[in-house]
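Residue numbers (this note's numbering): 19 to 397.
Backbone N, C-alpha and C define an ideal beta-carbon position, used for all residues, glycine too.
Shown next, in structure tokens, is the structure this report addresses.
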């Protein structure tokens, strides 16, 4: 066990970062720590790391921000594994919206998609346990689990129907970029499922596999893309955006940061970006940049609207970490994305049970028609 005096000092020090010299605002935390060891009847059963983690978690949760999180060492390791695109679970991205555990998007080819989980679903319970008051990390840890085991999600769909959906967990391996050349239309189709560290390289490989000089257009599918790493979105958008800003980020610790393109490497040919209510975060960065620079249009339905940026701001000696929302991002033209989303130039409403792919058909039709820029909707 870590020495008590060290843990008490670390606990107060961690929570008093930025306090003025002599400031005693957080000194009661050290006193509480000592009182627990002196008076709590089962103090010998409580580890110092449990007390430290509980105090830090409480402070972070008091922010009321669903995206700011304290990770235990185990939680942080699991989170990092999810960024690699491989983990054991059901294949959904979740967020907190109005206090509810909400599905951003199920990933294609996963148990969640096959089981009928949809963007916007409210997960009311996991294995019968109500999710009211849960953090994202608690929800994620309950939904993930050993491969081959079953988790039952009770979800409420947008139409108000409630359904219990049993899902068998499996190894989730997400190849972030898929592509094909549609020779009959002379169109390159690229689907980006999420923005990982390897996404820009995979996107470049896909784009340059097409006969670029002969293309009539490119379709980028960002539907149900829940986002990922900001830098990956900036690099990906840079393939299409001429020199200029990709995204502007504002935060109290750094003021304003502008992430810019160094000049596009793909010829200026028509680009249609397919989006929907599951398009979020980093995917909205790429879509918004291409839309604002008039390098392409958006086709589909309004996007999710997550315009916040998170960073790991601290690593604890035991392997834990603190992730905070450090800023809000805006499109190159200064448009707000958070809780607003992006509106496509070509709106395509999908009806229940509709066959085919109406968004893709609309994108291809736009390219066939000579890629006219519709007036009014997108900006």
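Contact check, residue i vs residue j, beta carbons under 7 angstroms
{"i": "residue 307", "j": "residue 238", "result": "no"}
{"i": "residue 163", "j": "residue 130", "result": "no"}
{"i": "residue 347", "j": "residue 293", "result": "no"}
{"i": "residue 106", "j": "residue 165", "result": "yes"}
{"i": "residue 297", "j": "residue 240", "result": "yes"}
{"i": "residue 172", "j": "residue 142", "result": "yes"}
{"i": "residue 122", "j": "residue 285", "result": "no"}
{"i": "residue 251", "j": "residue 300", "result": "yes"}
{"i": "residue 154", "j": "residue 114", "result": "yes"}
{"i": "residue 345", "j": "residue 281", "result": "no"}
{"i": "residue 169", "j": "residue 161", "result": "yes"}
{"i": "residue 212", "j": "residue 246", "result": "yes"}
{"i": "residue 389", "j": "residue 364", "result": "no"}
Residue burial classification, residue i (beta-carbon count within 10 angstroms, cutoff 16)
{"i": "residue 327", "result": "buried"}
{"i": "residue 167", "result": "exposed"}
{"i": "residue 272", "result": "exposed"}
{"i": "residue 218", "result": "buried"}
{"i": "residue 333", "result": "exposed"}
{"i": "residue 45", "result": "exposed"}
{"i": "residue 360", "result": "buried"}
The ligand SAM heavy atom lying under 6 angstroms from the CB of residue i
{"i": "residue 255", "result": "Ligands displayed in this structure: none; no statement on the ligand SAM is therefore possible."}
Same chain, Cβ closer than 6 angstroms to residue i, five either side skipped, listed in chain order
{"i": "residue 377", "result": "292, 317, 318, 366"}
{"i": "residue 410", "result": "With the chain represented from 19 up to 397, any question about residue 410 goes unanswered, as that position is not in the structure."}
{"i": "residue 259", "result": "279, 282, 307, 311, 313"}
{"i": "residue 303", "result": "251, 265"}
Residues near residue i by beta carbon distance below 7 angstroms, same chain, minus five either side
{"i": "residue 220", "result": "194, 195"}
{"i": "residue 85", "result": "326, 328, 343"}
{"i": "residue 75", "result": "88"}
{"i": "residue 262", "result": "278, 279, 311, 350"}
{"i": "residue 192", "result": "103, 125, 211, 212"}
{"i": "residue 287", "result": "233, 235, 236"}
{"i": "residue 152", "result": "119"}
Close-in-space but distant-in-sequence residues of the same chain around residue i (CB under 8 angstroms, 5 per side omitted)
{"i": "residue 159", "result": "93, 96"}
{"i": "residue 232", "result": "204"}
Expected contact under 8 angstroms - CB spacing of residue i and residue j to nearest Å
{"i": "residue 257", "j": "residue 235", "result": "Residue 257 to residue 235, Cβ: 14 angstroms. No contact."}
{"i": "residue 190", "j": "residue 128", "result": "6 angstroms"}
{"i": "residue 137", "j": "residue 373", "result": "Actually they do not touch by this definition, with Cβ atoms about 19 angstroms apart."}
Per DSSP, cross-strand counterpart(s) of residue i
{"i": "residue 189", "result": "106"}
{"i": "residue 184", "result": "170"}
{"i": "residue 327", "result": "345"}
{"i": "residue 206", "result": "199, 236"}
{"i": "residue 263", "result": "278"}
{"i": "residue 309", "result": "Answer by DSSP bridge pairing: none, since residue 309 is not bridged."}
{"i": "residue 292", "result": "239, 317"}
{"i": "residue 115", "result": "118"}
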